[in-house]
Amino acid sequence: MDVDTRNMTPTNLIDKIVVPGDVVLDLTKMENQTIKLGSGLRQDYDCISVMQAGKLRLSKPNKYWVESSQKRYVPSLEDTVLGIVVEHRSDNFLVDIKAPNLAFLPVLAFEGGTRRNIPKFETGTLIYARVVKANGIMNPELSCTDASGKAAEFGQLKNGYMFETSTGLARMLLSSPTCPVLEALGKKISFETAVGFNGRVWVNASSPDDVILVSNAIMRSEFLSGTQQRIMAEKLLQRLEKV
Amino acid sequence: MEDRTDGRNANQLRPLGCSRTILNRAHGSARWSQGNTIVLAAVYGPKAGTKKGENPEKASFEVIWKPKTGQIGKQEREYEMILKRTLQSICLVNVHPNTTTSVIVQVVGDDGSLLPCAINASCAALVDAGIPMKHLAVSISCGLMEEGSIILDLTKSEEEKLKAFAYLVFPNSPLSVIDKVHSSKEEPIEHGIITSVSYGAMPVSGYFDCLERGRAASAAISEFLRRSLQKQSSEDASRAAQ
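Heads up: the protein sequence lines correspond to chains G and Y, in order. Numbering-wise (the UniProt record's numbering), the first sequence opens with residue 1 and increments by one. Numbering-wise (the UniProt record's numbering), the second sequence opens with residue 1 and increments by one.
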């Protein structure tokens, strides 16, 4: 993955690690084209340069972004996140989603929500919600319904155990086909899990042993390849059967 | 030209070391060492809200400098101010308005070139935390000897002996897909300067010599920083498998 010597300009930085300041696209050479920029890139007059360090990715035909894993989250539209209620105002809940600003969850943004049946969420309640408004300037807004207004698993998550991870691990757990570690665990244990793009994971199972085992397996799987994840999950499962 | 006490020649830097993501709770952290000068930087943020007196349309930075021993005094406040202004000029402050990012710098070892080491550590920690930046900053110390020659990366004893020295901060050399040869009308970005702190009296020609040498050496530090950022991701795979 080493870049060429400084004298030769690299023609293509796709799939290479880039640092802030690197110029990845020259717009003067691309006329009459539409390019979509994802996270980590910005337009600097006639070129596209990097804002965050990470791996530069291209999704054909024209979507570029920098893939990086952080402990904090930058809200983006239609992401499903796990938030913790911080305060209850008259017309929305203030929810912490590990973003630079607190998010607002309107009290009516629930299925069949009216002024009469406002849910009573205390400080510290864990909520699974969807981001409906996210620009860099205003507080992000959440909703506990899907696009058609149904509840669809959103709302308060009761029991179980929540832990924090990096955004990179959360994306890996949410990728399709199913992440190898979840698949390997799912063969032997029955558990349910909710993963937020903001780096929070909630696990629930019938016994505390299972919850601990699943949580530890997920936390350890961040940098392992698919086969390594399966081997690691199998080792942990064997230990449980012995006891 | 007399030899330096640790046997280096005039242009030689001390061994550099950089490790990132070393603190569990901080959102970004880095440890930078140049010889025996070691600095640990931690970044928390961006968090909501700005302090009184800061522009709410921009992201603001807060720097806390923790010396190795002793109470916090004027020297620490000066370092905090220089570090804050340097970081403000390399970060994009319009991406997250009305937020505060805190950078905490802890001195672990001080053997000269403390401020450059801290700036390098803070820049690596900001990259680790994913704060949006225009480019990276690399920092170096240059001293002017009596006969007019320049030495780089000063130790504490050299700083005490020399009549004048300067701490310089340059932008890093970026990788670019644009062919630099053809657009040679504008100066390359690494010819700019971000911060310069000078101690003692030196002639103007001496200062410009320092700038030139410092700039040449900053290319080496910039390359080291890039390699350590690239290596980190492959090291994570072997670290987690343990």
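Every residue, glycine too, gets a C-beta built ideally from N, C-alpha and C.
Query: I need the DSSP call for Y207 (chain Y), collapsed to helix, strand or coil.; Result: helix
Query: Have a look at T101 (chain Y) and K29 (chain G) and give me their C-alpha separation to the nearest angstrom.; Result: 37 Å
Query: With a threshold of 7 Å on Cβ separation, who are the neighbours of E54 (chain Y) within its own chain once the five nearest residues in sequence on each side are excluded?; Result: S60
Query: With 7 Å as the limit, tell me which residues of the stretch 83-117 of chain Y have their beta carbon closer than that to any beta carbon of chain G; keep them in chain order.; Result: L92, V95, H96, P97, T99
Query: Report the start-end ranges of each alpha helix (DSSP H) in the stretch 91-170 of chain Y that is 4 residues or longer and not cut off at the edges.; Result: 114-129, 156-161
Query: For the structure I just gave you, are there three or more beta carbon pairs, one from the stretch 65-82 of chain Y and one from the stretch 26-34 of chain Y, closer than 8 Å?; Result: no
Query: Tell me, to the nearest whole angstrom, how far the beta carbon of G98 (chain G) is from that of K63 (chain G); I am working on the premise that it is less than 8 Å.; Result: Sequence inspection shows Lys at residue 98 (chain G); the Gly mentioned does not correspond to that position. Not really, about 25 Å apart at Cβ, beyond 8 Å.
Query: Find the nearest neighbour of Y45 (chain G) within the set G:V23, G:S190, G:R130, G:S39, judged by alpha-carbon distance.; Result: G:V23
Query: Measuring only the C-alpha atoms, how far is D96 (chain G) from S19 (chain Y)?; Result: 30 Å
Query: Starting from the C-beta of S33 (chain Y), find all residues in its chain whose C-beta is less than 6 Å away, skip the five residues before and the five after it, and write them out in chain order.; Result: G17
Query: Can you name the residues that DSSP bridges to C144 (chain G)?; Result: For C144 (chain G), which the question treats as bridged, DSSP gives no partner whatsoever.
Query: Measuring CA to CA, which of Y:S205, Y:R226, Y:A216 is closest to S149 (chain Y)?; Result: Y:S205
Query: In this structure, what does DSSP give as the bridge partners for I64 (chain Y)?; Result: Y:I104
Query: Counting only beta-carbon atoms, is residue 323 (chain Y) nearer than 8 Å to chain G?; Result: Lying before the first or after the last residue shown, residue 323 (chain Y) is absent from chain Y, which here runs from 1 to 242.
Query: Please list the residues of the stretch 172-193 of chain G that have a C-beta atom closer than 9 Å to any C-beta atom in chain Y, keeping them in chain order.; Result: none
Query: Going along the chain, which residues of the stretch 135-146 of chain G sit with their C-beta nearer than 7 Å to a C-beta in chain Y?; Result: G136, I137
Query: Could you check where the beta strand (DSSP E) with E211 (chain G) kicks off and where it finishes?; Result: Before going further, note that residue 211 (chain G) is Val rather than Glu in the sequence given. Premise fails: V211 (chain G) lies in the alpha helix (DSSP H), 208-220, not in any beta strand (DSSP E).
Query: Is it right to say Q238 (chain G) is buried, meaning 16 or more other beta carbons lie within 10 angstroms of its own, or is it exposed?; Result: exposed
Query: Look at R171 (chain G) and G130 (chain Y) and say whether their C-beta atoms are less than 8 Å apart.; Result: no
Query: Is V138 (chain Y) close to chain G? Criterion is C-beta to C-beta, closer than 8 Å.; Result: no
Query: E160 (chain Y): which of Y:M145, Y:L168, Y:V169 sits nearest, CA to CA?; Result: Y:M145
Query: Determine the chain C residues that contact R226 (chain Y) at a beta-carbon separation under 7 Å, and present them in chain order.; Result: This model lacks chain C altogether; the protein chains it does include are G and Y.
Query: Mind checking which residues open and close the beta strand (DSSP E) that includes R57 (chain G)?; Result: 54-59
Query: For a contact meaning CB atoms closer than 9 Å, what does residue 246 (chain G) contact in chain Y?; Result: Residue 246 (chain G) is absent from the structure shown; chain G starts at 1 and stops at 243.
Query: What number of angstroms, rounded off, separates the C-alpha of I104 (chain Y) from the C-alpha of K84 (chain Y)?; Result: 11 Å
Query: Which of helix, strand or coil does DSSP assign to L13 (chain G)?; Result: coil
Query: Run the CB neighbour count on G112 (chain Y), radius 10 Å, all protein chains shown included, and call it buried at 16 or more, exposed below.; Result: buried
Query: For V86 (chain G) versus F121 (chain G), is the C-beta spacing smaller than 8 Å?; Result: no
Query: Would you call D79 (chain G) buried or exposed, if buried means 16 or more other Cβ atoms sit within 10 Å of its Cβ?; Result: buried
Query: Could you work out which residues of chain Y lie near L77 (chain G), taking near to mean beta carbons separated by less than 9 Å?; Result: Within chain Y, no residue comes near L77 (chain G); the closest Cβ sits about 17 Å away, beyond 9 Å.
Query: Under 8 Å, do L92 (chain Y) and P132 (chain Y) count as touching if we go by C-beta distance?; Result: yes
Query: Rounding to the nearest angstrom, what Cα-Cα distance links G186 (chain G) and G83 (chain G) in this structure?; Result: 25 Å
Query: Determine, for G130 (chain Y), whether the minimum Cβ-Cβ distance to residues of chain G falls below 8 Å.; Result: yes
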